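Asker: To convert, note that position 78 of the sequence shown is 78 in my numbering; the numbers rise steadily by one, no gaps. Take this structure, written in structure tokens, and hold onto it; I'll ask about it next.
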Amino acid sequence: MKLPKTAEGKIKLAAELLQAAQQPGQPLPLGQLIDHLIAAQPQPESVTEKDHCWEEYQRARGLSLHLFDEYCRVGKVAQKRWDAWENAPGGLIEKLDSLEGYKAMQGGEAL
1 MKLPKTAEGK IKLAAELLQA AQQPGQPLPL GQLIDHLIAA QPQPESVTEK DHCWEEYQRA
61 RGLSLHLFDE YCRVGKVAQK RWDAWENAPG GLIEKLDSLE GYKAMQGGEA L
């Protein structure tokens, strides 16, 4: 398989491979991918154990911060999609309005 030349192409390929690794009925194996990203790196001979531990901590902490940023970004996308579904014709807002109208006709209280 020939690797794409651009970063965007490589990222798209990585996403496709991750989806291909997904088992039926299971979530994407993001945890396993993260395990590979945070796996301990060999300690170079020129680096002290203390410095190596610090570098490993910094690398894991940096990944943690990036993952949190992405978590927030994905949450915003999900909220926009929920809002679009909720406000779409036949969506939740329309159904609630319809229910309120039905209850009003029946003499009940609106929601």
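All C-beta atoms, glycine included, are put in the ideal place defined by N, C-alpha and C. No experiment lies behind these values; they were computed from the predicted model shown.
(1) Report the CB separation of residue 18 from residue 33 in whole angstroms; it is logged as a contact under 8 Å.
(2) Within the stretch 22-75, note down every full alpha helix (DSSP H) run reaching 4 residues or more, in order along the chain.
(3) When you compare only the Cα positions, how much space is there between residue 53 and residue 85?
(4) Rounded to the nearest angstrom, what separates residue 26 and residue 78 at their Cα positions?
Answerer: Based on what the coordinates show:
(1) Locating residue 18 in the sequence shown gives position 18, counting from the first residue. Locating residue 33 in the sequence shown gives position 33, counting from the first residue. Right, the Cβ-Cβ distance comes to about 6 Å (below 8 Å), so this counts as a contact.
(2) 30-38
(3) Position 53 of the sequence shown holds residue 53. Position 85 of the sequence shown holds residue 85. The straight-line gap from Cα to Cα measures roughly 47 Å.
(4) As a first step, residue 26 is located in the sequence shown; it is residue number 26 there, counting from the start. As a first step, residue 78 is located in the sequence shown; it is residue number 78 there, counting from the start. One C-alpha to the other measures close to 20 Å.
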